[in-house]
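Worksheet: one structure, shown below.
4 protein chains.
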Amino acid sequence: MKNTFGQSVACTLFGESHGSEIGIVIDGLAPGIDVDEDFISSQLSLRRPKGRISTARREADEYRIVSGVFEGKTTGSAICILIPNSDTKSKDYSSTRMLARPGHADYSANCKYHGFEDYRGGGHFSGRITAPLVAAGAIAISALSKKGIYIGTHIKECAGVSDVSFTNIAQDIKKLGSMEFAVLSEEKAALMQSAILDAANDGDSVGGVLETAAIGVPAGVGEPWFDSVESVLSHILFSIPGIKGVQFGLGFDFATKRGSDANDSFQMENGKVITKTNNNGGINGGITNGMPIVFSCVVKPTPTIYKTQQTVDFINGKDAEITVQGRHDPAIIHRARVVVDSVTALALCDMLSQRYGTDWLAN
Amino acid sequence: MKNTFGQSVACTLFGESHGSEIGIVIDGLAPGIDVDEDFISSQLSLRRPKGRISTARREADEYRIVSGVFEGKTTGSAICILIPNSDTKSKDYSSTRMLARPGHADYSANCKYHGFEDYRGGGHFSGRITAPLVAAGAIAISALSKKGIYIGTHIKECAGVSDVSFTNIAQDIKKLGSMEFAVLSEEKAALMQSAILDAANDGDSVGGVLETAAIGVPAGVGEPWFDSVESVLSHILFSIPGIKGVQFGLGFDFATKRGSDANDSFQMENGKVITKTNNNGGINGGITNGMPIVFSCVVKPTPTIYKTQQTVDFINGKDAEITVQGRHDPAIIHRARVVVDSVTALALCDMLSQRYGTDWLAN
Amino acid sequence: MKNTFGQSVACTLFGESHGSEIGIVIDGLAPGIDVDEDFISSQLSLRRPKGRISTARREADEYRIVSGVFEGKTTGSAICILIPNSDTKSKDYSSTRMLARPGHADYSANCKYHGFEDYRGGGHFSGRITAPLVAAGAIAISALSKKGIYIGTHIKECAGVSDVSFTNIAQDIKKLGSMEFAVLSEEKAALMQSAILDAANDGDSVGGVLETAAIGVPAGVGEPWFDSVESVLSHILFSIPGIKGVQFGLGFDFATKRGSDANDSFQMENGKVITKTNNNGGINGGITNGMPIVFSCVVKPTPTIYKTQQTVDFINGKDAEITVQGRHDPAIIHRARVVVDSVTALALCDMLSQRYGTDWLAN
Amino acid sequence: MKNTFGQSVACTLFGESHGSEIGIVIDGLAPGIDVDEDFISSQLSLRRPKGRISTARREADEYRIVSGVFEGKTTGSAICILIPNSDTKSKDYSSTRMLARPGHADYSANCKYHGFEDYRGGGHFSGRITAPLVAAGAIAISALSKKGIYIGTHIKECAGVSDVSFTNIAQDIKKLGSMEFAVLSEEKAALMQSAILDAANDGDSVGGVLETAAIGVPAGVGEPWFDSVESVLSHILFSIPGIKGVQFGLGFDFATKRGSDANDSFQMENGKVITKTNNNGGINGGITNGMPIVFSCVVKPTPTIYKTQQTVDFINGKDAEITVQGRHDPAIIHRARVVVDSVTALALCDMLSQRYGTDWLAN
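Given below as structure tokens:
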């Protein structure tokens, strides 16, 4: 399905870094959901580069909703959101068109598209295409919050610095909501930003780990086997450029545990079934168990760096050197976290609408 | 799509642990692919429990191909493979039906299926349902090998013991093919098995990490965004019970790298573009770059243990204790690796058939 | 998606005329639906050839439910139903393997499958593969009836003889339910059967038109554009071999009407919105309006006839003659009607489950 | 999948009659296809209302391609085409908002969308949304023509007047290409137009039948069962507003034929297999046989008429009268034919790309 994801609630993504507009179609959202245009703007703002730890490309992200919203509410038909590209400098890229930037899609895209791809600024592969995902995700996040479902992501680790863990997830999610640099510990946030600047000063870049929690999802959502909650979430999370690993609950730390340590004991609490620990990240057998859904994603260091690198000229088939020009981010992890929240919300809307029907989100 | 995965080549899985048969339908495989029934048997044998490090349930796995194969070759129509359940002891489970086994799907399944689920032996959630995946995967693995595409998985880590890394991937894959306990280092294999037995003696279980490589996949396969190779592979990998994390290339180790260390430099080798390192696991921008596809999965410790655990009686809504009876595995990682190979092969067949057409696999 | 149809409730079909078994997987039906095995048998019996107006091939259709049903109810996981092929006479077909039977799929299948298709008895193209659709449809029909939704089909026209129209649809559906030869007028039924026998005596065959009504479907089901009720129903109806036309409401008779005659006026009746006429067959803008869904399908004359026909030997690329041997039907329309009911029920279950959620059918 | 159709080549449609823009995303077209913007304009022009036999709403249809096209060729990523709505008169509709226009989707849409639908000018249900389908179809038609595949549609019947039949299909398709009123016989065209004007003068409307042929499609395309060529084409054809019947080859005329008359004899012609007649419309067993694909669609009379009609006020639940104001078409059949060509081309691109791979259309 290439550029379309989802079954009951589906997103179709389009656009290139230097085209006139980029955008998304969200299809299948219930009719009657409030569309809060200010919230969309503020979410887009969280994704937007800012300050010295981000690229100098500055986009206003003045999105337009072209369809599917009427008198401030979703109509139930497909919503198309467009975001114009304004601050494009195409000349930056043309001279290095045949040089495969290491860590980027230039070479693999050329193998796939045979040279017809729009190569300017990463074209369809540009991280900029995540902006429409964020706009769509904002509608989904709003709708979910009306149903008592909240999502939050913090930078768990960046450039060797680790944040503190979630303590009270509901409060932590609330706190993270509008933070520009979403780290639970202020002190750790400062250390991370300083490490990012160090890398930037070296013409280099850093990566990190994002940890996400979603609360309020009812037990019984998801499928055994192919459409497990893990399958569906990882599918859309791995769609975000730069994400190279996804783990649920303890994730790779399960490798060193024994079953007796890893299993989450069930217990009754106020007439409700909960688990004592949440090592499985709220998912058993691919299906939610009512506990917070917890997962983390690793974001690789931004591949664009200012150091000279070995590469090939893939058009002429010979070795070459590349010194990348243009405007780039020494870190994208702080911008990526709102993308993670957004795609999580979209995937949850899809799973919930499949389970409870197409009107559920608005009821 | 629940129990169906794939677009050009799609699998539909069915069955319960204690039903008469379990099975799979594989649809969309090219006509004219050789079906090697002995190879299917030998792959099923690799998945089958054996020795003291596995459950005492012993199944013959005498599969039958019901459709889609004629005179030893695929016809191009849907292939149904059935595997009878013979060694079922349903009485083992009935008395604990209302007790949620920690780490299992009993409670979440009950929330989803409202008590109508077949609870015997884990029902549709049983690891036993991976047997049809292995049978189907065997046909896919055979077909891919004719096209020069090979897949292999080793136990990278188990119970605190780490295997050596891949050195010569092509040779390593060959070596791993028929190993009962797929570890590259014999010495490490012995240590792992001993650690599994230790856990078994304690009535406990262990997990681990599987690392997989696929070679020979042409550059240019996969999609940007929603159907990235990472998205598609992780989707099906997370369908395997017990897998809680998937990472490509360096995976979570990217978190501590800088871009200059993480980027894979391109270079020419014998007129072909390769990368010097393969930190991205053969995938750039969601699309293969011609290097080996490398990923790893964490397998959580088998949730069934012989120790008494706290839990709830979810039918009567009260706290309870559970001491699981029945036959179980102290580790499943050595059995899971053939499942990982199988689903990888099925997903690759799908992506390749989408790209090159429905006849490609047989040409 | 080839052999899979549906989104929330999906069917996957497999099997060949002379394989060991044919079957279907139905995925996504709500947990807790009663599975009435006698009703499945009686529906299969309606499809089964009988008497002198049908093929001499007699199959017991002793189906087995392999998965997804537990203690007489659906579990919510995938249901696999198998039907053995017992009365196969493969030798009938081998000598004419290279001769394209006019009106059949032999030649087009050979172009698609390059000679690897199972050619015996029509292989995967055999009308026999509709038996699993009927078995699956029986479960769907039962489930719908619990929700007040009923489906019925009569032979509107056969061999130049027309049946009377629906008068009281609810009563007519009830009456048609168990009829072997589903014609509303007994007199017309006799004329049709006599015309079929005439054709049979000439070594020839006849076609006809089936008209179907579904009552009780709530208003507001379906989608504008691509998943209109007409789109979804026609998609599955055209999957039935021999169906070459589908029309809703007045269908092709709309061509000669003016808008003022064709439009269905709305009116209130007992506080409910109805239409005075039902020219649109219960569907406006692709969405149900609460009136009976009414459509008709044309079934072409069975292509297998006993007369000698001109054809080609497509393996050797030369003109040839064919005189078909074997057992065949002079008409299939009376057998096809239960297939039409079945696929209609399956498609409705899918559309209703998408709209109201996966539990709705059982509530 | 609601507003998305297709697997390898997929279209996502969005927009409302009185929104700022309507549009489509076409995903999966091969990279390197020439995009002829003039041809897109001329196809849009064929759909556009003109003269006295069409609505007075006049739209410039100045489309913009927002993504997926670079330097005049498809890039291989998703193509978004936008068409602004300029000539909207929203005040025409607001006063009759609660009155269900007979034959329209107002009432059924209200049942589905609970009043949140954009009701102005038919909203998402407006025939205007076919404009983006035509723009997308134009790219598909161009691409197919480079592969020797041509599609043409004529008005076979309108207001009781019948056109002559196809004689030389290749020449007829060529001739029909740019005709404003696509009738093979000039004389019949004049009679039809006169009959449409008669209806218009009466404040009424007419319907008709469109007949389509596609030549050059290789034998062996399509699937048995659920994705038969008939299933896929009818699915998208029934998505066009006003189409209430689809038939292939002889269609409903099969009902009165015997097998010996209906079967298409095969014969060799210049070393190629052809059929003597083409009663099956180029499709056997759901799969193309290399003969022209021939089908026809009935278009119901435009539901909007100027006569006063009985209806209901569905908000207040009472009987009412409606006299529709605004600008409307006494016939849409001459405009619909380019929509039929367009969706046929899109569906063929999808089926061909599935079969031969994603690059085939551009090779």
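Chains as they are written, first to last, in my numbering: chain H, 131 to 493; chain G, 131 to 493; chain B, 131 to 493; chain C, 131 to 493. Glycine included, every Cβ here is placed at the ideal spot set by N, Cα and C.
C-beta neighbour in chain G for residue i, strict 8 Å
i                            : result
serine 207 of chain C        : yes
histidine 244 of chain B     : yes
glycine 447 of chain H       : yes
threonine 297 of chain H     : no
phenylalanine 200 of chain B : yes
Nonlocal neighbours in the same chain, by C-beta distance under 6 Å from residue i, ignoring five residues either side
i                       : result
glycine 267 of chain B  : Ser472, Ala475 and Leu476
arginine 485 of chain G : Val351
valine 428 of chain H   : Val339, Lys374 and Gly375
Cβ-based burial, residue i [other Cβ within 10 Å; buried from 16]
i                         : result
aspartate 391 of chain B  : exposed
valine 351 of chain C     : buried
arginine 177 of chain G   : buried
asparagine 240 of chain B : buried
glycine 375 of chain H    : buried
valine 339 of chain G     : buried
isoleucine 370 of chain H : buried
threonine 386 of chain H  : buried
isoleucine 281 of chain G : buried
glutamate 310 of chain H  : exposed
is_contact[residue i, chain C] using C-beta, thresh 8 Å
i                      : result
proline 371 of chain H : no
proline 232 of chain B : yes
Under 7 Å from the C-beta of residue i: neighbouring residues of chain G
i                        : result
valine 336 of chain H    : Arg388
serine 138 of chain C    : Gln484
threonine 134 of chain B : Thr134, Ala140, Thr142 and Asp157
lysine 437 of chain H    : Ser390
proline 431 of chain H   : Phe384, Lys387, Arg388, Gly389 and Ala392
Residue i: contacting residues in chain H (beta-carbon distance under 7 Å)
i                      : result
leucine 476 of chain C : Going along chain H, no residue has its Cβ under 7 Å from leucine 476 of chain C, so there is no contact; the nearest lies around 15 Å.
Short CB-CB distance (under 8 Å) between residue i and chain B
i                            : result
isoleucine 366 of chain G    : no
valine 155 of chain G        : yes
phenylalanine 311 of chain C : no
Chain-ordered chain H contacts of residue i [CB-CB under 8 Å]
i                       : result
tyrosine 237 of chain G : Ala349, Phe396, Val403, Asn414 and Asn419
Chain H within 8 Å of residue i, Cβ atoms only
i                        : result
alanine 460 of chain B   : Per the sequence shown, residue 460 of chain B should be read as proline rather than alanine. No, its Cβ sits nowhere closer than 8 Å to a Cβ of chain H.
cysteine 288 of chain C  : no
glycine 145 of chain B   : no
glycine 253 of chain B   : no
cysteine 479 of chain G  : no
glutamine 377 of chain G : yes
Proximal chain G residues relative to residue i, where beta-carbon distance stays under 9 Å
i                        : result
glycine 381 of chain B   : Those within 9 Å of glycine 381 of chain B in chain G number zero; the least Cβ separation is about 32 Å.
threonine 488 of chain C : Gln484, Arg485, Tyr486 and Gly487
7 Å Cβ shell around residue i - same chain, five flanking residues per side excluded
i                        : result
aspartate 443 of chain C : Met228, Leu229 and Ala450
Chain B residues whose Cβ lies nearer than 7 Å to that of residue i
i                      : result
glycine 162 of chain G : His244 and Phe246
Per-residue contacts from residue i into chain C (C-beta, under 8 Å)
i                     : result
lysine 354 of chain G : It should be pointed out that residue 354 of chain G corresponds to proline in this sequence rather than to lysine. The contacting residues are Ser207.
Neighbour list for residue i in chain H, Cβ cutoff strictly below 9 Å
i                    : result
lysine 75 of chain C : Only positions 131 to 493 of chain C appear in the structure, and residue 75 of chain C is not among them; the question remains open.
Under 9 Å by beta carbon: chain C residues contacting residue i
i                            : result
phenylalanine 444 of chain B : Phe396 and Val403
Item to check | At least three beta-carbon pairs within less than 8 Å, the stretch 295-306 of chain B to the stretch 316-323 of chain B | outcome: no
Checklist entry - Is the number of C-beta pairs between the stretch 225-243 of chain B and the stretch 176-186 of chain B that are closer than 8 Å three or more? => result no
Next on the checklist: Check whether the stretch 195-211 of chain B and the stretch 338-352 of chain B touch, using three or more Cβ-Cβ pairs below 8 Å as the test.
Outcome noted: no
Checklist entry - Do three or more CB pairs link the stretch 405-423 of chain H to the stretch 391-408 of chain G at distances below 8 Å? => result no
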